[in-house]
Amino acid sequence: MFALRTFRNVFFSAIVIFHLCFITSAWRMDLHNNTVKGSSLSLFQKERQLQDENHLDPVKNAADNETQRSVRKSAAIYKPETTTMNNIVASLFRLTQEEDNTCILLRVDAVIEVKFQTKLGSNDQADLYVPDDAEVSGDCSNEDEAKLILKWKNFQFTWEFSKTLGGERWYVKKLELIINTVDKHFEHIKTDDKIVTLSTTQNYGTLLFMTPVGQSYSCQKEISVVVSNVNQPTMKGYVLLRAFTVQPFIFKNDEFGPAYQCSPIGARAMRTETVPFIFGITLAAVAVLTVGGYAVFRHFKIKKVQYDTME
-13 MFALRTFRNV
-3 FFSAIVIFHL
7 CFITSAWRMD
17 LHNNTVKGSS
27 LSLFQKERQL
37 QDENHLDPVK
47 NAADNETQRS
57 VRKSAAIYKP
67 ETTTMNNIVA
77 SLFRLTQEED
87 NTCILLRVDA
97 VIEVKFQTKL
107 GSNDQADLYV
117 PDDAEVSGDC
127 SNEDEAKLIL
137 KWKNFQFTWE
147 FSKTLGGERW
157 YVKKLELIIN
167 TVDKHFEHIK
177 TDDKIVTLST
187 TQNYGTLLFM
197 TPVGQSYSCQ
207 KEISVVVSNV
217 NQPTMKGYVL
227 LRAFTVQPFI
237 FKNDEFGPAY
247 QCSPIGARAM
257 RTETVPFIFG
267 ITLAAVAVLT
277 VGGYAVFRHF
287 KIKKVQYDTM
297 E
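In the numbering used here, the protein residues as written are -13 to 297.
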């Protein structure tokens, strides 16, 4: 009986320690990773400060009272694959696979703000537009992964898509901006690297724009996604998405599927299944340890009884 009580005490102590060290910490970090930023001023009306935002949710929404920005000059001449909505010009980018079937569609008015420090010690900002005639490429060969690449002079903007484990939903796994700093927008930039890569943070695999497969994600509120690089602390980018609709994994036709609208307050990153996964692993481990411990206890108890009987 003493051995059984000792085993129980040690076992339950181990469970408590594991819960405090791993489960509670993971839960707090997961909640921390899904904090959504807010702002009451337009991103063009008020200059942001260069501060550490990597611990925040990469997705942010513009306030309802923002003043609408002017239509970009590069889209002044309307094209067949350009649409207008609320004085915003949105360009349509289409990636086709074999037999000219569409696999990814992206319609958006995309503005990219890049904050950086100069060699003179001052802060500067480059305001970029994704042009209508950006070169479109990518990869749709994998059923569960897809990539859309937009290229224009000195820049490359990549969207990486993925499906959830069950294959029922898709999401944006990563947004990545590659910059050639010789571009005129980055004169006197404080960096020795000619090529700089900024991307969304991958803390606990934040899932952007989670949407059922077969549907398009649509949001008419302005969305701002933070892109950064830990090796470039003096640079930070903000990808501003307006009149935004996107859909990967298109397999039925060449047009957008039914729209999955963002919430009334706009888009936000979805919390990953990190905590439920760890909790499930913990329960499984507890079950295995309980059964194993009881089996060991019974084994030695039976041997002891047999030994006492023989005596």
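We put the CB at the ideal spot given by N, CA and C, even for glycine.
_Suppose the cutoff is 6 Å on Cβ atoms and the five residues either side in sequence are ignored; what does the same chain contact list for Arg93 look like?_
Position 107 of the sequence shown holds residue 93. When the five nearest sequence neighbours on each side are left out, the beta carbons in the same chain lying within less than 6 Å of the beta carbon of Arg93 are those of Ala76, Leu78, Thr231, in order along the chain.
*Reference Leu227; option with closest CA among Asp86, Gln103, Val199, Asp95*: Along the sequence shown, one-based indexing puts residue 227 at 241. For Leu227, the closest of Asp86, Gln103, Val199, Asp95 by C-alpha to C-alpha distance is Asp95.
*When the Cα atoms are used, what is the spatial distance from Asp240 to Gly223?*
Along the sequence shown, one-based indexing puts residue 240 at 254. Along the sequence shown, one-based indexing puts residue 223 at 237. Distance between the alpha carbons of Asp240 and Gly223: 32 Å.
*Would you decide whether Gln111 is buried or exposed? Buried here means 16 or more other CB atoms lie within 10 Å of its CB.*
Within the sequence shown, residue 111 is the residue found at index 125, counting from 1. Answer is exposed; the Cβ neighbour count stays below 16.
*Stretch pair the region 123 to 136 + the region 83 to 90: three plus CB contacts closer than 8 Å*: In the pairwise beta carbon analysis, the region 123 to 136 is classified as touching the region 83 to 90: at least three pairs are separated by under 8 Å.
_Among Glu208, Thr150, Thr186, nearest to Leu163 - alpha-carbon criterion_ = By one-based count along the sequence shown, residue 163 stands at place 177. It is Thr186.
_Nearest by alpha-carbon distance to Pro198: which of Ile135, Val97, Gly243, Val100 is it?_
Here residue 198 refers to the residue found at position 212 of the sequence shown. Taking the Cα of Pro198 as reference, the smallest distance to any Cα among Ile135, Val97, Gly243, Val100 is reached at Gly243.
*Just confirm the distance between the C-beta atoms of Ser123 and Ile135, as a whole number of angstroms; I'd bet it's less than 8 Å.*
Counting from 1 along the sequence shown, the entry for residue 123 is found at position 137. Counting from 1 along the sequence shown, the entry for residue 135 is found at position 149. Yes, Ser123 and Ile135 are in contact; Cβ-Cβ is about 5 Å, under 8 Å.
*Taking C-alpha atoms, which residue in Leu91, Pro234, Asp119, Thr183 lies nearest to Thr220?*
Within the sequence shown, numbered from 1, the residue matching residue 220 stands at position 234. Comparing alpha-carbon positions, the option among Leu91, Pro234, Asp119, Thr183 lying closest to Thr220 turns out to be Thr183.
*Compute the Euclidean distance between the alpha carbons of Gln142 and Thr276, then round it to the nearest angstrom.*
Locating residue 142 in the sequence shown gives position 156, where the first residue counts as 1. Locating residue 276 in the sequence shown gives position 290, where the first residue counts as 1. Taking the straight line joining both Cα atoms gives about 54 Å.
*Nearest residue (CA-CA) to Asp113, options Val225, Lys238, Thr88*: Numbered from 1 along the sequence shown, position 127 holds the residue referred to as residue 113. Ranking the options by Cα distance to Asp113, first place goes to Val225.
*From Phe172 to Leu161, what distance separates their C-alpha atoms?*
Taking the sequence shown and counting its residues from 1, the one referred to as residue 172 is at position 186. Taking the sequence shown and counting its residues from 1, the one referred to as residue 161 is at position 175. Phe172 and Leu161: Cα-Cα distance of roughly 21 Å.
*asked:* So if DSSP puts Ser127 in a beta bridge, which residue, or which two residues, is it bridged to?
replied: In the sequence shown, the residue the question calls residue 127 occupies position 141. According to DSSP, Ser127 bridges with nothing at all.
*Which whole-angstrom value describes the C-beta separation of Tyr115 and Val97, a residue pair presumed to lie in contact below a C-beta threshold of 8 Å?*
The residue labelled residue 115 in the question sits at position 129 within the sequence shown. The residue labelled residue 97 in the question sits at position 111 within the sequence shown. Going by Cβ atoms, the distance from Tyr115 to Val97 rounds to 6 Å, so yes, they are a contact pair.
*What do you get for Ser202, buried or exposed, if any count of 16 or more other CB atoms within 10 angstroms of its CB means buried?*
Start at 1 with the first residue of the sequence shown, and residue 202 comes out as number 216. Label assigned to Ser202: buried.
_If we require 3 or more residues per run, which beta strand (DSSP E) segments fall completely within the region 182 to 213?_
Listed in chain order, the complete beta strand (DSSP E) runs (minimum 3 residues) inside the region 182 to 213 are 194 to 198, 202 to 205, 209 to 213.
*Three-state secondary structure (DSSP) at Leu151?*
Within the sequence shown, numbered from 1, the residue matching residue 151 stands at position 165. The DSSP-derived three-state label of Leu151 is coil.
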